[in-house]
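Read the structure below first, then the notes.
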Amino acid sequence: MAKILIPTALRQFTEQSDSVDVTGATVREALDQLTVRYPNIKKNLFNDQGKLRSFVNVYVNDEDIRYLDKDGTKLTGSETISIVPSVAGGATAVADTAPALSNEEVARYSRHLILPEVGMEGQTKLKRASVVMIGAGGLGAPLGLYLAAAGVGRIGIVDFDVVDASNLQRQVIHGTSDIGRKKLDSAGDRMRDINPNIRVDKFDAGLTSENALEILRDYDIVVDGTDNFATRYLVNDACAILKKPNVYGSIFRFEGQASVFTYQDGPCYRCLYPEPPPPGLVPSCAEGGVLGILPGIIGVIQATEAAKIILGIGTPLKGRLLLYDALEMRFRELKLRRNPECPVCGDHPTITKLIDYQEFCGMPPMNAEPAPTGDAIDAIELKRKLDRGDNFVLIDVREPHEYQIARIPGARLIPLGELPKHLRELDLNGEYVMQCKSGARSQRAVDLLKQNGFKNVVNMTGGILAWSDKVDPSVPKY
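Below you can see the structure in the form of structure tokens.
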């Protein structure tokens, strides 16, 4: 009997089971058994033509089935099948004229200098190296701290956000006194406090197709700490064009991933995930949550990989995807291969310049006005409907633990993952308002109901966060 490991992002469709035992002669038969047992997971694995989605990878033991017999890969019955969905240069040469270390730096880096693999030569490499961090949030926080402490001479930070109280649970480079400050300033001050010998370059902007090549080209290594798919593909493609190593990390709830892309002859992010998932299908950390300690682990792994590349030591995570499960305290490793047909790093690349990544990921353009729709109401209009006593049902599609944090009076809780099995309980001719935290999951709930014949259903834009802002400030925000 084979075992299918269910990633955290898909456990809402398997009644929170982290593994499912199945029988089957092939991978496809095993996955079909999974979808028969848990029908709601099917749309996350297969497209309308019944083919595996391009943003979902399947491994048998540690081999990618794309390089075996795909979903026809045969099983003997004892394999571990891993479902891995999307979740949003070489060593730097040291010139003979490399700056010498001062006496203060020798004392500071003494524990490095007595390592034969580092020594004076290696520490000088670190001093001459340059690394740019995309984001100063969950992953960027430990990354910035440790790159600065290690003595990386020039560190760039790309970020346009400000510090919020909700960041402090995981973004340890910022403190309570930094709330409201630009993350660039908060992170830069902390990094220079750790090591005044470093140079910190600050880019107060979002990374875009217009500025990415200009920003990234002057750095030896790019470290991806992004939280959305559009920027992740942008970073990947820019690194492939510039031939810069891309140190990748991602986090979700209790799980993390890390790898090194576009390094030497290794694969890129598109080799792993050729296309992004549709908008809203994969929840963000803001929706799904994240263990505050998790980005520390993944961010430190990214810092370690960057240091190894600079020093030219060890075996970087090129061609390997490292998976970390904090609940099980388990690391697993899967093999990655460069796709010869990859449009960015393949033998005959078709993407040779940066594209519109918002459009590629199916997202509205930045700063675009929301399209008018009759399928939505705002928090104020919902309050009026409640006050008038209108005959409708308010359905909260968040998870039970979120419902305990904050709720709108009178809302009925039906988590989005459980909504399909409750449809028969709902009056097809009734009026419904769907609500979640910010409006993303509730819009998917609206779409689900409409696909099943419900006509009078609308989405509450902004979710309970908007309710707290516009109607009842006593409702806590999370």
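Heads up, the sequence shown is in my numbering, so the first residue is 7 and it goes up one at a time.
Glycine included, every Cβ here is placed at the ideal spot set by N, Cα and C.
Practice problem: Return the bridge partner residues of glutamate 261 from the DSSP annotation. | Solution: Residue 261 sits at position 255 when you count from the first residue of the sequence shown. Answer by DSSP bridge pairing, in chain order: Phe258 and Asp331.
Quiz item: Excluding five sequence neighbours on each side, which residues of the same chain lie with their C-beta closer than 7 Å to the C-beta of lysine 208?
Solution: Indexing the sequence shown from 1 puts residue 208 at position 202. Excluding positions up to five away in sequence, the list reads Ile163, Leu190 and Gly194.
Quiz item: When DSSP builds the beta bridges, which residues end up paired with proline 91?
Solution: To locate residue 91, count along the sequence shown from 1; it is residue 85. In DSSP, proline 91 forms a bridge with Val62.
Quiz prompt | Where isoleucine 3 falls, given that 16 or more other Cβ within 10 Å makes a residue buried | solution = Look at the range of the chain in this structure, 7 to 484, and you will see that residue 3 is not part of it.
Quiz item: Is the beta carbon of glycine 445 sitting closer than 8 Å to the one on asparagine 462?
Solution: Indexing the sequence shown from 1 puts residue 445 at position 439. Indexing the sequence shown from 1 puts residue 462 at position 456. In this structure, asparagine 462 does not lie closer than 8 Å to glycine 445 by Cβ.
Exercise. Determine the direct distance from the alpha carbon of glutamate 281 to that of tyrosine 254, and round the result to whole angstroms.
Key: Indexing the sequence shown from 1 puts residue 254 at position 248. Indexing the sequence shown from 1 puts residue 281 at position 275. Whole-angstrom Cα-Cα distance: 17 Å.
Quiz prompt | Three-state class that DSSP yields for glutamate 339 in the structure shown | solution = In the sequence shown, counting from the first residue as 1, residue 339 sits at position 333. Glutamate 339 falls in the strand class under three-state DSSP.
Self-check item: Assigned secondary structure, aspartate 195 (DSSP; H/G/I helix, E/B strand, else coil)
Solution: Position 189 of the sequence shown, counted from the first residue, corresponds to residue 195. Aspartate 195: helix per DSSP, three-state reduction.
Quiz item: Can you pull the DSSP bridge partners for glutamate 387?
Solution: Taking the sequence shown and counting its residues from 1, the one referred to as residue 387 is at position 381. Answer by DSSP bridge pairing: none, since glutamate 387 is not bridged.
Quiz item: How is lysine 483 classed by DSSP in three states: helix, strand or coil?
Solution: Residue 483 sits at position 477 when you count from the first residue of the sequence shown. Correct three-state label for lysine 483: coil.
Exercise. Look at serine 88 and tyrosine 65 and say whether their C-beta atoms are less than 8 Å apart.
Key: The sequence position of residue 88 within the sequence shown is 82, counting from 1. The sequence position of residue 65 within the sequence shown is 59, counting from 1. Result yes, Cβ atoms of serine 88 and tyrosine 65 sit closer than 8 Å.
Exercise. Please determine, among Lys48, Glu339, Pro122 and Asp233, the residue with the shortest C-alpha to C-alpha distance to glutamine 18.
Key: Taking the sequence shown and counting its residues from 1, one reaches residue 18 at position 12. Closest option to glutamine 18, Cα to Cα, is Lys48.
Quiz item: Nearest to valine 350 by CA position, among Val439, Cys245 and Tyr330, is which residue?
Solution: On the sequence shown, residue 350 is found 344 positions in, with the first residue counted as 1. Minimum Cα distance to valine 350 is reached at Cys245.
Exercise. Taking arginine 276 as the reference, give the member of Gln39, Pro355 and Leu149 with the closest Cα.
Key: In the sequence shown, counting from the first residue as 1, residue 276 sits at position 270. Closest option to arginine 276, Cα to Cα, is Pro355.
Quiz prompt | Closest residue to phenylalanine 52 among Arg43, Val62 and Tyr44 (Cα-Cα distance) | solution = Stepping through the sequence shown from its first residue, residue 52 is reached at position 46. Answer by Cα proximity: Val62.
Quiz item: From which residue to which residue does the beta strand (DSSP E) around valine 137 run?
Solution: As a first step, residue 137 is located in the sequence shown; it is residue number 131 there, counting from the start. Start and end: 136-140.
Quiz prompt | Start-to-end residues for the alpha helix (DSSP H) that takes in leucine 222 | solution = As a first step, residue 222 is located in the sequence shown; it is residue number 216 there, counting from the start. Per DSSP, leucine 222 belongs to the alpha helix (DSSP H) from 218-222.
Quiz prompt | Which residues DSSP lists as bridging phenylalanine 267, in chain order | solution = One-based indexing of the sequence shown puts residue 267 at position 261. Paired residues: Asn252.
Exercise. Could you work out which residue in Thr268, Glu365 and Gly181 is closest to threonine 214 when comparing CA atoms only?
Key: As a first step, residue 214 is located in the sequence shown; it is residue number 208 there, counting from the start. For threonine 214, the nearest C-alpha among the options comes from Glu365.
Quiz item: Between Thr79, Ala236, Pro346 and Asp165, which lies nearest to cysteine 367 when the distance is taken from Cα to Cα?
Solution: Along the sequence shown, one-based indexing puts residue 367 at 361. Closest option to cysteine 367, Cα to Cα, is Ala236.
Quiz item: Per DSSP, what kind of secondary structure is glutamine 55 in: helix, strand or coil?
Solution: Taking the sequence shown and counting its residues from 1, the one referred to as residue 55 is at position 49. Reduced to three states, the DSSP call for glutamine 55 is coil.
Quiz item: Between alanine 309 and leucine 153, is the Cβ-Cβ spacing less than 8 Å?
Solution: For the purposes of this step, residue 309 is identified with residue 303 of the sequence shown, where counting begins at 1. For the purposes of this step, residue 153 is identified with residue 147 of the sequence shown, where counting begins at 1. For alanine 309 and leucine 153, yes; Cβs fall inside 8 Å.
Quiz item: Buried or exposed: glutamine 55, going by 16 or more other Cβ atoms within 10 Å of its Cβ?
Solution: Here residue 55 is taken as the residue at index 49 of the sequence shown, counted from 1. The residue is exposed, with fewer than 16 neighbouring Cβ atoms inside 10 Å.
Exercise. Pick out the complete alpha helix (DSSP H) segments inside the region 400-458, 4 residues or longer, and give them in chain order.
Key: 406-411 and 446-457
Quiz item: Taking only beta-carbon atoms, is arginine 196 less than 8 Å away from chain D?
Solution: This model lacks chain D altogether; it includes just one protein chain.
Quiz item: When you compare only the Cα positions, how much space is there between serine 256 and leucine 317?
Solution: For the purposes of this step, residue 256 is taken as residue 250 along the sequence shown, with counting starting at 1. For the purposes of this step, residue 317 is taken as residue 311 along the sequence shown, with counting starting at 1. Between serine 256 and leucine 317, the C-alpha separation is close to 24 Å.
Quiz item: Taking the Cβ atom as the reference point for each residue, do cysteine 442 and arginine 404 lie within a distance shorter than 8 Å?
Solution: Indexing the sequence shown from 1 puts residue 442 at position 436. Indexing the sequence shown from 1 puts residue 404 at position 398. Contact flag set, yes.
Exercise. Output the boundary residues of the beta strand (DSSP E) element that contains isoleucine 163.
Key: As a working mapping, residue 163 is identified with position 157 in the sequence shown. Its beta strand (DSSP E) spans residues 160-164.
Quiz item: Smallest Cα separation from glutamate 311: which of Asp353, Val266 and Pro346?
Solution: For this step, residue 311 is matched to residue 305 along the sequence shown. The shortest C-alpha separation from glutamate 311 is found at Val266.
Quiz item: Going by the beta-carbon positions, is the gap between phenylalanine 260 and leucine 333 smaller than 8 Å?
Solution: What you label residue 260 is simply residue 254 of the sequence shown in a count that begins at 1. What you label residue 333 is simply residue 327 of the sequence shown in a count that begins at 1. It is a contact, given that the beta carbons lie within the stated cut-off.
Quiz item: Does the region 222-241 touch the region 137-147, meaning 3 or more C-beta pairs lie closer than 8 Å?
Solution: yes
Quiz prompt | C-alpha gap between methionine 335 and isoleucine 304, whole angstroms | solution = Translated into the one-based positions of the sequence shown, residue 335 becomes position 329. Translated into the one-based positions of the sequence shown, residue 304 becomes position 298. Cα to Cα, the separation comes out at about 13 Å.
Quiz item: Just the Cα atoms here: how many angstroms apart are serine 60 and leucine 300?
Solution: Translated into positions along the sequence shown, residue 60 becomes position 54. Translated into positions along the sequence shown, residue 300 becomes position 294. Serine 60 and leucine 300: Cα-Cα distance of roughly 27 Å.
Exercise. Tell me, to the nearest whole angstrom, how far the beta carbon of glutamine 129 is from that of glycine 157; I am working on the premise that it is less than 8 Å.
Key: Counting from 1 along the sequence shown, the entry for residue 129 is found at position 123. Counting from 1 along the sequence shown, the entry for residue 157 is found at position 151. The pair is a contact, with the Cβ atoms about 6 Å apart (cut-off 8 Å).
Quiz prompt | DSSP beta-bridge partners of asparagine 465 | solution = One-based indexing of the sequence shown puts residue 465 at position 459. BP columns for asparagine 465 point to Ala382 and Met440.
Self-check item: arginine 187 (DSSP reduced to helix, strand or coil)
Solution: The residue you call residue 187 lines up with position 181 of the sequence shown. In the structure shown, arginine 187 sits in coil (DSSP, three-state: anything other than H, G, I, E or B).
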